[in-house]
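S.K.:
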Amino acid sequence: MIAFRIDDIGASSKWYNQHGKKTFRFRGIPYFYFPFANVWFFKRMWPFRKWARYNELTSDEWQAILQMLKHHRIVPIVAITATWVEQDGTLTPFPDKFPEEAAILKDAADKGDIFIANHGLTHCVIGKHLPSFWHSNREFHREFYPKFDQSYHTEHIQKSQKILEEFFARPVEILVPPGNIWSIKTYYAMQGTNLKKVICNQYMQDSNEKLTDIQFIHDGENMFYFHDMELKRYGLTWLNKQIVNFYG
Ligand SMILES: [Zn+2]
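For the sequence shown, numbering that gives the first Met the number 0 begins at 0 and goes up steadily by one.
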């Protein structure tokens, strides 16, 4: 059975993570190179825009998505970033930033139509999250880097768990590390929380230590995952196509 996963819900990276596409390929062969794709507004402009500003899913969009998934008897994992990082670096909890969306997801979780996963507290490095004039800022839109100390990892795991568990009124058991980066310190931080699984396309960056009380699930197999960005860009027709592809 293939699991379905939607990432980046509530994450401010959809607003600040901006980078462009320099090389254009056709069937693997480069045919056009634009060195300024990361400069100023080019990175937000078609066709150079690779990852740049898009809006949070609306309530109507969510209703339609949930209805389509339910119709196909798919219970998706919805990976939520617990706070939105404001321009000045302050954190606004997901339920306060997007109350309508949060209410719809709470209702869906209560009905057993979705699973809630933790997709970090911030998804980014606070203070480095704003777009750069010249460069891609992609590297700053990951959260659990090994270079940060234990207290950082512990604080981010505990605060995010608290926000999500209090609002959704249920234990949150899955961590989806933003940008597929996590550390042994993230693992230590998970201990003593309700988190039981890490879903990621790679193991810890800084350790091969075996996990004892937490399960690592490689998302390469048996999982179809995407971001709210694809839903925003390509819409329900795209989603329907994917479902047919994966479930026949
Ligand atoms: Zn993400």
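We treat Cβ as the ideally placed atom computed from N, Cα and C, and that holds for glycine.
Out of R24, Y224, K195, R4, point me to the one whose CA is closest to D274's CA.
M.R.: Because the chain is modelled from 0 through 247, residue 274 falls outside the range shown and cannot be assessed.
S.K.: Who's in the neighbourhood of ligand 1, going by beta-carbon under 5 Å from any heavy atom, listed in chain order?
M.R.: Taking each Cβ in turn, the ones that pass are D6, D7, P177.
S.K.: Please name the residue or residues paired with N117 in a DSSP beta bridge.
M.R.: The count along the sequence shown starts at 1 and reaches residue 117 at position 118. For N117, which the question treats as bridged, DSSP gives the partners I79, L174.
S.K.: Tell me the DSSP bridge mates of Y224?
M.R.: Within the sequence shown, residue 224 is the residue found at index 225, counting from 1. Paired residues: R4.
S.K.: Assuming T91 is part of the beta strand (DSSP E), what are its boundary residues?
M.R.: For the purposes of this step, residue 91 is taken as residue 92 along the sequence shown, with counting starting at 1. From DSSP, the beta strand (DSSP E) with T91 extends over 90-92.
S.K.: Could you compute how far the alpha carbon of F35 sits from the alpha carbon of K21?
M.R.: Working through the sequence shown from its first residue, we reach residue 35 at position 36. Working through the sequence shown from its first residue, we reach residue 21 at position 22. Using only the alpha carbons, I get a separation of about 7 Å.
S.K.: How do the stretch 80-87 and the stretch 61-70 stand: do at least 3 beta-carbon pairs fall below 8 Å, yes or no?
M.R.: The answer is no - the stretch 61-70 does not touch the stretch 80-87, with fewer than three Cβ pairs under 8 Å.
S.K.: I'd like the ranges of any beta strand (DSSP E) spanning at least 3 consecutive residues and lying wholly in the stretch 143-220.
M.R.: Those beta strand (DSSP E) runs which fall completely within the stretch 143-220 and span 3+ residues are 196-199, 214-217.
S.K.: Counting C-beta neighbours from all protein chains within 10 Å, is the total for Q160 16 or more, i.e. buried, or is it exposed?
M.R.: Position 161 of the sequence shown, counted from the first residue, corresponds to residue 160. Looking at its Cβ environment, which holds 16 or more other Cβ atoms inside 10 Å, Q160 is buried.
S.K.: Consult DSSP for F33 and reduce its assignment to one of helix, strand or coil.
M.R.: To locate residue 33, count along the sequence shown from 1; it is residue 34. The answer is coil: DSSP assigns F33 none of H, G, I, E or B.
S.K.: Keeping to the same chain, check which residues put their C-beta closer than 7 Å to that of E208; ignore five residues upstream and five downstream.
M.R.: Residue mapping note: residue 208 aligns to position 209 of the sequence shown, counting from 1. Result list for E208: I183, in chain order.
S.K.: Closest to I55 by C-alpha separation, out of H128, I115, V171, F97, would be which residue?
M.R.: Working through the sequence shown from its first residue, we reach residue 55 at position 56. The question names Ile, yet the displayed sequence has Glu at residue 55. For the residues H128, I115, V171, F97, the minimum Cα distance to E55 belongs to F97.
S.K.: From the DSSP output, read off the bridge partner residues of H71.
M.R.: Indexing the sequence shown from 1 puts residue 71 at position 72. Partner(s): none; H71 has no beta bridge.
S.K.: Is the Cβ-Cβ distance between A107 and V175 less than 7 Å?
M.R.: As a working mapping, residue 107 is identified with position 108 in the sequence shown. As a working mapping, residue 175 is identified with position 176 in the sequence shown. No. Outside cutoff.
S.K.: Taking its Cβ as the centre, do 16 or more other Cβ atoms sit within 10 Å of L235, making it buried, or is it exposed?
M.R.: As a first step, residue 235 must be located in the sequence shown, where it is residue number 236. Under this definition L235 is an exposed residue.
S.K.: Answer with buried or exposed for K322, where buried requires no fewer than 16 other C-beta atoms within 10 angstroms of its C-beta.
M.R.: Since the displayed the chain opens at 0 and closes at 247, residue 322 lies outside it and no answer follows.
S.K.: Just the Cα atoms here: how many angstroms apart are K127 and E85?
M.R.: Locating residue 127 in the sequence shown gives position 128, where the first residue counts as 1. Locating residue 85 in the sequence shown gives position 86, where the first residue counts as 1. Rounded to whole angstroms, K127 to E85 spans 12 Å at the Cα level.
S.K.: Can you tell me whether DSSP reads T236 as helix, strand or coil?
M.R.: Residue numbering aside, residue 236 sits at position 237 when the sequence shown is read from its first letter. Of the three classes helix, strand and coil, the one that applies to T236 here is helix, per DSSP.
S.K.: Could you name the residues that DSSP lists as bridge partners for F25?
M.R.: Taking the first residue of the sequence shown as position 1, residue 25 is located at position 26. Answer by DSSP bridge pairing, in chain order: I28.
S.K.: Can you grab the Cα-Cα spacing for the pair Q204 / V74, in whole Å?
M.R.: On the sequence shown, position 205 is the one that residue 204 refers to. On the sequence shown, position 75 is the one that residue 74 refers to. Answer to the nearest angstrom: the Cα atoms are 30 Å apart.
S.K.: Where does E165 land, buried or exposed, given buried means 16+ other C-beta within 10 angstroms?
M.R.: Here residue 165 refers to the residue found at position 166 of the sequence shown. With fewer than 16 other Cβ atoms within 10 Å, it is exposed.
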